[in-house]
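Residue numbers (our numbering): 5 to 229.
Think of the CB as a built atom: it goes at the ideal place given N, C-alpha and C, for glycine as much as any other residue.
Quick caveat: nothing in here was measured; it's all calculated off a predicted structure.
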Ligand code: SAH
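The structure is reproduced here in structure tokens:
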């Protein structure tokens, strides 16, 4: 009884979005092969529940993708961690581009590790919500743009890293060309009816590709919505 009364006095949702819950997610990611401590710390300190609808906040620290409306999803934490790890691999990028802002969670993770984050979204309504979240969390070094990310962000190129969070049938060449030499582009790409997560490093000679495994992303679409 005493226990129940105590729980009642706790503000709604706090137990399920607490630091302890976040730490459990971090342990799970570590167990599932995420090694970069910088990335694990970013996940531990970023409130994912702020990036989903309040009705879903109790599920925010499960290792699953969740709906964010308009047929889009916030990516699974493991995928966010894996992509961020690949982006940081062997360096400390200073300026990165994300294509597909969505909820803004991936951008917020990047912003806790990288001084300048540029992010592009083609659905205005989602971008407005994400901007509000960045403002609320004081993430003033995330620069947003309402645009079709197929063309990247030419006026800000080159980037030390690029993350694409929607699956393309073919990787836009324009994006690869906005990478600085030594930089990595991480993106899901359709291959034979499946999606593979690729990390592509730009070298003096050309591009080196690494396959990081199978993933499931929403499709990369053209134009604005
Ligand atoms: N990074 C997001 C994942 C969102 S899902 C997060 O952390 O929540 C992928 C997003 O990519 C969707 O919001 C979708 O609208 C967007 N997207 C798809 N095609 C795009 C394009 N060509 N340009 C910009 N954004 C695109």
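If you compare the alpha carbons of 201, 74, 158, 200 with that of residue 183, the shortest gap goes to 158. Here the region 156-173 does not lie against the region 49-67, with fewer than 3 beta-carbon pairs under 8 angstroms apart. A distance below 8 angstroms between beta-carbons, with the five flanking residues on each side excluded, links residue 28 to the following residues of its chain, in chain order: 65. Around the CB of residue 113, 16 or more other CB atoms lie within 10 Å, so the residue is classed as buried. Cβ-Cβ separation between residue 223 and residue 151: approximately 17 angstroms, too far for a contact (criterion under 8 angstroms). Of 221, 229, 138, 227, the smallest CA-CA separation from residue 79 is found for 221. The beta carbon of residue 79 sits closer than 7 angstroms to at least one heavy atom of ligand 1. Here the C-alpha atom of residue 144 lies approximately 11 angstroms from the C-alpha atom of residue 116. Between the region 41-56 and the region 67-82 there are three or more C-beta pairs closer than 8 angstroms, enough to call the two in contact.
In the displayed model, residue 51 falls within coil according to three-state DSSP, outside both helix and strand. In the three-state DSSP reduction, residue 218 falls in the strand class (E or B).
Nearest neighbour of residue 228 by Cα position, chosen from 154, 32, 141, 175, turns out to be 154. Contact check for residue 214 against residue 203 passes: the beta carbons are separated by less than 8 angstroms. If the five residues before and after residue 97 are omitted, its C-beta is found closer than 6 angstroms to the C-beta atoms of 118, 164, 165, all from its own chain and listed in chain order. A straight line joining the alpha-carbon of residue 208 with that of residue 187 spans about 11 angstroms.
DSSP places residue 198 in no alpha helix (DSSP H) but in the uninterrupted beta strand (DSSP E) bounded by 198-206. Remark: three or more beta-carbon pairs, one from each stretch, lie closer than 8 angstroms, so the region 128-142 and the region 97-107 are flagged as touching. The region 111-179 contains, as complete alpha helix (DSSP H) runs of 4+ residues, the segments 128-140 (chain order). With contacts defined as CB atoms closer than 8 angstroms, residue 120 and residue 99 qualify as a contacting pair. Judged by DSSP secondary structure, residue 189 falls within the beta strand (DSSP E) whose first and last residues are 183-195. For the set 177, 178, 180, 173, the Cα lying nearest the Cα of residue 197 is the one of 173. If you look at residue 102, you'll find it in the beta strand (DSSP E) that goes 99-103.
Judged by beta-carbon spacing, residue 67 lies within the 8 angstroms limit of residue 81, meaning their Cβ atoms are closer than that value.
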